[in-house]
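Data first, discussion second: the structure below is written as structure tokens.
Residue numbers (UniProt numbering): 1 to 231.
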């Protein structure tokens, strides 16, 4: 890795890509976006089939906002792939930061609050399932990940709170801990929760929830560059 004063993405490295790498990137991009669309559309269809807000109450906002936040987060990660240099790198990081800070995190907060409020209305216990427990873990990790990310740009990019030599650990934890756990949580809720199991057969849920969740993880990993991970 470069020293602490080097940019987060080392501009000295060659940005030339082989045709094969570009082809894989393009396929992975399409797969990731289509998979995210499936994770948004499937619970939306389930909600419509269940009678919408009239029958489900505040619960409807939980899957809708969580999957919207997930989609924005996926797009935010895609903006950093493959790594670029110079002004393109700066613009990519700005888009990444704004998408997560202004859209993804607020969406996750609204979605989680809706579920909390819905359980409160019904006097239901919290964190009694694998989905809810995983969701709590994701919330904690996402908060830490976001705060650490801010530490590389605050109070200024020239003099950040955290040394940029730590950035590779931020990236590694995001890709290999937070991302898989987030998609596992989505799969547990959208495909295997008590509500989801009453909406569609196991085959449908595997094809349109579990498989897309797995494909998002694999697609984002496929667009990674090993040298950018500092390994």
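The beta-carbon is built from N, C-alpha and C at its ideal position, and this holds for glycine as well. Model, not experiment: these values are computed from the prediction.
Proximity winner among the options, relative to residue i (alpha-carbon distances)
i	options	result
residue 34	223, 218, 212, 158	212
Three-way DSSP call (helix, strand, coil) for residue i in this model
i	result
residue 155	strand
residue 63	helix
residue 160	strand
residue 52	coil
Between the CA atoms of residue j and residue i - distance to the nearest angstrom
i	j	result
residue 183	residue 158	34 Å
residue 109	residue 187	19 Å
residue 62	residue 18	42 Å
residue 52	residue 31	29 Å
residue 36	residue 79	15 Å
residue 223	residue 193	31 Å
residue 138	residue 66	12 Å
residue 174	residue 142	9 Å
residue 129	residue 181	15 Å
residue 70	residue 206	18 Å
Residue range of the unbroken alpha helix (DSSP H) whose run includes residue i
i	result
residue 233	A query on residue 233 cannot be resolved here, the shown segment of the chain reaching from 1 to 231 and no further.
residue 233	The structure shown does not extend to residue 233, since the chain is modelled only from 1 through 231, so no value can be given for it.
residue 106	105 to 122
residue 25	19 to 49
residue 209	Residue 209 -> no alpha helix (DSSP H), and no H or E assigned at all.
residue 180	179 to 192
residue 168	167 to 173
message: Tell me whether the stretch 161 to 179 and the stretch 114 to 123 touch, counting them as touching only if at least three CB pairs, one residue from each stretch, are closer than 8 Å.
response: No, they do not touch.
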